[in-house]
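Structure first, then comments.
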Amino acid sequence: AVGVDWSPSTLGAAAITADSPEGLVSDYRGFTYDDRGLGIKLARLQTEGQLLHRKAARLTQLAAAAPPEVRAQLEEKIAVLDAHRAAVGAKRGKINRELAFHFGRQVTDYAAAAGATVIAVEDLTTLETRGHGRVNNNRAAQSARRQAVDALTHTAAGVGVTVVSVPARGSSALCPGCNEPLARPGGYHRAWCGQCTVGGHRDHVAGVNLAKRALLGRGKAVRKRGENPRIRVVEHAPVRRCRDKKSPTPRRPRHRRVRRSAPAATPPVGVNQTKIVPAPQASVWDTVQPATPQGVTGSREVHTSPTPATSVVGSMRSM
Ligand SMILES: [Zn+2]
């Protein structure tokens, strides 16, 4: 099973728990979704939309108590602001959709590569998105999680993987091995259990927990028409750490833009090129100055070819 944990910064992270003959095992290595900057773009558009809304509301207030000619001006401004806000909203909708399907695709690929049969997502109705500060709460409330779940269900169905929702409570706070609270040695994002000697990134541990809940509650899923199967009970069984390779090696992000096949730019004629001369092999025993080759010592006149000049002269003459 693959467990998907929602996180405010990137959309989510995933990790794997397997059901082996000796009990549940996991390699405690997860996969963090890389949203290619779409999340921050959404947050920016959201702020912009709110700003436009506030501005329009203020102008409406002013227009109510303004003389007629000023009111006409203000109403024009309000119309512009509203059009802008509608455009920002449409753009957000498009980006949300793209983000949701990109996320669905990535997680489905991850699950398919690991040979999983079920993907566990946090039940959005039991999710507690409070107490993380105003900015993060707002972002979480507006985020495209519902849409992401739908997209994930759709793409996962394509490879025959079921998406189930499991209770979210305590998924990133409790140890998957012993069900005790986890320590946070390196701050909020790190998790560690000293007894079981397991841990890792908070979201990945949460993914292990969610996958565990899905595996344990397999027989007790409630199905409703038009909804994903839902597991309501949380059971506990220790998840051991295993060193077997269970999950695919995460791909490394490619942020560098490398142009591989583009031809080298041709230098413009008549511009002095800086020539790169390889440094002579130096040795501590060298006392004699190495002889400089002829071409390199030459000053500017040697480098500039006389051809452009003559051609210019020639063309002048022919005129
Ligand atoms: Zn533990």
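Here the sequence shown is numbered in my numbering, starting from 12 and rising by one per residue. Note that CB positions come from ideal geometry on N, CA and C, so glycine has one too.
Between the CA atoms of LYS102 and ALA26 - distance to the nearest angstrom: 31 Å
Three-state class that DSSP yields for ARG213 in the structure shown: helix
Suppose contacts are defined by Cβ-Cβ distances below 8 Å. Is SER176 in contact with ASN220 by that definition? The Cβ atoms of SER176 and ASN220 lie no closer than 8 Å to each other.
At the level of alpha carbons, what is the spacing between VAL126 and ASN190? Residue identity check: residue 126 is Gly in the sequence provided, not Val. Those two C-alpha atoms are separated by around 27 Å.
Buried or exposed by the 16-neighbour rule on C-beta atoms within 10 Å, applied to PRO192: Exposed, since its Cβ has fewer than 16 Cβ neighbours within 10 Å.
Quick one: residues in its chain with C-beta nearer than 7 Å to the C-beta of GLY309, no 5 flanking neighbours on either side, listed in chain order? Model confidence at GLY309 stands at a pLDDT of 48, short of 50, so the residue's coordinates are unreliable; what they give is reported in the following sentence. Contacts found: none.
Could you tell me if the beta carbon of GLU191 falls within a distance shorter than 7 Å of some heavy atom in ligand 1? yes
Taking 8 Å as the threshold, find out whether the segment 157-164 comes into contact with the segment 194-211 through three or more Cβ pairs. no
In the DSSP assignment, what are the bridge partners of SER37? ARG252
Can you tell me whether GLN117 sits near ligand 1, meaning its C-beta is under 7 Å from at least one heavy atom of the ligand? no
Just to confirm before moving on: does the CB-CB distance between SER16 and ALA217 stay below 8 Å? Rather than Ser, the amino acid found at residue 16 in this sequence is Asp. At the C-beta level, ASP16 and ALA217 come within 8 Å of one another.
To the nearest angstrom, how far is it from the Cα of PRO240 to the Cα of GLU133? Cα to Cα, the separation comes out at about 12 Å.
ILE89 by DSSP, collapsed to three states: which one? Note: ILE89 maps to helix in three-state DSSP.
Sort out for me which residues DSSP pairs THR43 with in a bridge. ALA24
Suppose you measure from the CA of ALA124 to the CA of VAL118; what does that come to, to the nearest Å? 10 Å
Tell me where the alpha helix (DSSP H) around ASP161 begins and ends. Annotation for ASP161: the continuous alpha helix (DSSP H) segment containing it runs 156-169.
Report the three-state DSSP secondary structure of ILE51 (helix, strand or coil). helix
Is it right to say GLY205 is buried, meaning 16 or more other beta carbons lie within 10 angstroms of its own, or is it exposed? exposed
Identity of the residue in LEU110, ARG213, VAL250, GLY237 nearest ALA225 by Cα: VAL250
Buried or exposed: which applies to LYS223, given that a residue is buried once 16 or more other Cβ atoms fall within 10 Å of its Cβ? buried
Per the contact definition of three or more C-beta pairs closer than 8 Å, is the segment 84-101 in contact with the segment 62-69? yes
Cβ neighbours of VAL233 in the same chain (closer than 6 Å, five flanking residues each side left out): Excluding sequence neighbours, VAL233 sits near ARG241.
Can you find at least 3 beta carbon pairs, one from the segment 41-58 and one from the segment 104-113, that sit closer than 8 Å? Cβ pair count under 8 Å is three or more, so yes.
Return the first residue and the last residue of the beta strand (DSSP E) that SER176 is part of. 173-177
Based on the DSSP output, what are the partners of VAL233 in its beta bridges? Bridge partners of VAL233: ARG241.
When burial is assigned at 16 or more other CB atoms within 10 Å of the CB, is HIS73 buried or exposed? For the sequence presented, residue 73 should be read as Leu rather than His. By the 10 Å Cβ count, LEU73 comes out exposed.
Below 7 Å CB to CB, which residues in the same chain sit around VAL244 once its five sequence neighbours on both sides are set aside? GLY228, LYS231
Give the straight-line distance between the Cα atoms of GLY23 and GLU59, rounded to the nearest whole angstrom. 24 Å
If you measure between the beta carbons of CYS9 and SER37, is that distance less than 8 Å? The structure shown does not extend to residue 9, since the chain is modelled only from 12 to 330, so the question has no answer here.
Between the alpha carbons of LEU70 and ILE89, how many angstroms are there, rounded? 7 Å
In its own chain, which residues sit with a C-beta less than 7 Å from the C-beta of THR164, not counting the 5 before and 5 after it? So the list reads VAL174, ASN239, once near-sequence residues are dropped.
Following the continuous beta strand (DSSP E) through ARG201, name the residue where it begins and the one where it ends. Taken as a continuous stretch (DSSP letters only), the beta strand (DSSP E) holding ARG201 covers 201-204.
Does DSSP put ASP134 in a helix, a strand or coil? coil
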